[in-house]
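*Asks:* Take this structure, written in structure tokens, and hold onto it; I'll ask about it next.
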Amino acid sequence: MQNDLRLFLEQKLISDFNLDKEKVEAVICHLNKKQDCCAACGSKVLASECTECPDCGAFNYNLQEPVFNIEFCSHLEWSLDFSNTEQENTEYYVESFWCDGILQIPEDPESLLYDNIKNDKQIVTKAWIGYGGQDIYEMKIKFGRKSLGNYKKGKSIIGCIPKAGRKEKWITLDVNKRKIEIQLT
1 MQNDLRLFLE
11 QKLISDFNLD
21 KEKVEAVICH
31 LNKKQDCCAA
41 CGSKVLASEC
51 TECPDCGAFN
61 YNLQEPVFNI
71 EFCSHLEWSL
81 DFSNTEQENT
91 EYYVESFWCD
101 GILQIPEDPE
111 SLLYDNIKND
121 KQIVTKAWIG
131 YGGQDIYEMK
141 IKFGRKSLGN
151 YKKGKSIIGC
161 IPKAGRKEKW
171 ITLDVNKRKI
181 EIQLT
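Numbering (the numbering used here), first residue to last: 1 to 185.
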């Protein structure tokens, strides 16, 4: 997945900022793979974004991981329990459905900005769902009070995923339109 994100970043820098390949490589080499660890020497003393390492002097972007990230999407993927799903159409037996992935980069990346989430209270992305987990669905992840508060503070929203076996239905599925809605707490 890291390689996919690197290619995506390269293409965005070239198309949006008209940088050549050499300049793109210069930018990317300063992106540290792990938060608070220097990309050059591996020192674990970086305390802020866009900073120099006190040990080796190398510049690091040290960007914080966004709240809506691959870790959250993986947790959500494994938490989907289709046996307790509200269905728009009952001609399908969805209890044997499963999810094979959720895209952590929504179609509109600006939808990840807090002001947009505060207004829309949702993120729209794609998920691979179905009997074989390969049908592409539009997924709306709706924010509740707790998840909205966590998002605003930059805290994880993994704990806002309802637990399997809940009595309330937190998944709404429309198989014909290939749409799914998830309600976070």
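Heads up, the beta-carbon is just placed ideally off N, CA and C, and yes, glycines get one too.
No experiment lies behind these values; they were computed from the predicted model shown.
1. Tell me the start and end of each unbroken alpha helix (DSSP H) in the region 86-127 that is at least 4 residues and wholly inside, in chain order.
2. Between which two residues does the alpha helix (DSSP H) carrying E49 extend?
3. Could you give the DSSP three-state label for K12: helix, strand or coil?
4. When the Cβ atoms of the region 9-17 are set against those of the region 36-55, are three or more pairs found closer than 8 Å?
5. In terms of alpha-carbon separation, which member of K23, Y137, L31 lies closest to I102?
6. Between the C-alpha atoms of S79 and I105, what's the straight-line distance to the nearest angstrom?
7. Per the contact definition of three or more C-beta pairs closer than 8 Å, is the region 159-173 in contact with the region 65-80?
8. Tell me the rounded alpha-carbon separation between I161 and Q64.
9. State the start and end residues of the unbroken beta strand (DSSP E) segment that holds K34.
10. Whose C-alpha, out of E181, E52, Q183, K155, is nearest the C-alpha of E71?
11. Using 10 angstroms around the beta-carbon of S48, count the other beta-carbons present and answer buried if the total reaches 16, otherwise exposed.
12. Just mark N62 as buried or exposed, buried being the case when its beta carbon has 16 or more other beta carbons within 10 Å.
13. Between the beta-carbon of L148 and the beta-carbon of K118, is there less than 8 Å?
14. If I measure Cβ to Cβ from F68 and keep anything under 7 Å in the same chain, skipping five residues before and after, which residues do I get?
15. So for L173, helix, strand or coil by DSSP?
16. Short of 6 Å in beta carbon distance, which residues of its chain neighbour C73, apart from the five on each side in sequence? Order them along the chain.
17. State yes or no: is the C-beta of G144 within less than 8 Å of the C-beta of L184?
*Replies:* In this structure, then:
1. The qualifying runs are 114-120.
2. Stepping through the sequence shown from its first residue, residue 49 is reached at position 49. Run containing E49: none; DSSP gives neither H nor E here.
3. Locating residue 12 in the sequence shown gives position 12, where the first residue counts as 1. Of the three classes helix, strand and coil, the one that applies to K12 here is helix, per DSSP.
4. no
5. Along the sequence shown, read from residue 1 onward, the residue named residue 102 stands at position 102. Nearest C-alpha to I102: Y137.
6. Residue mapping note: residue 79 aligns to position 79 of the sequence shown, counting from 1. Residue mapping note: residue 105 aligns to position 105 of the sequence shown, counting from 1. About 19 Å.
7. yes
8. Within the sequence shown, residue 161 is the residue found at index 161, counting from 1. Within the sequence shown, residue 64 is the residue found at index 64, counting from 1. Straight-line Cα distance between these residues: approximately 22 Å.
9. In the sequence shown, the residue the question calls residue 34 occupies position 34. Note, K34: premise wrong, no beta strand (DSSP E); not H, not E.
10. Looking up residue 71 in the sequence shown gives position 71. Among E181, E52, Q183, K155, the Cα nearest to that of E71 belongs to K155.
11. The count along the sequence shown starts at 1 and reaches residue 48 at position 48. With fewer than 16 Cβ atoms within 10 Å of its Cβ, S48 is classed as exposed.
12. As a working note, residue 62 is residue 62 in the sequence shown. By the neighbour-count definition (other C-beta atoms within 10 Å, threshold 16), N62 is a buried residue.
13. Residue 148 sits at position 148 when you count from the first residue of the sequence shown. Residue 118 sits at position 118 when you count from the first residue of the sequence shown. In contact: L148 and K118 (Cβ atoms closer than 8 Å).
14. Counted from its first residue, the sequence shown places residue 68 at position 68. Once the five neighbours on either side are set aside, the close Cβ partners of F68 are Q104, L112, I123.
15. To locate residue 173, count along the sequence shown from 1; it is residue 173. Three-state result, L173: strand.
16. Here residue 73 corresponds to residue number 73 of the sequence shown, with the count starting at 1. Within the same chain, C73 has close Cβ partners I102, Q104.
17. For this step, residue 144 is matched to residue 144 along the sequence shown. For this step, residue 184 is matched to residue 184 along the sequence shown. Yes; because the gap between Cβ atoms is below 8 Å, this pair is in contact.
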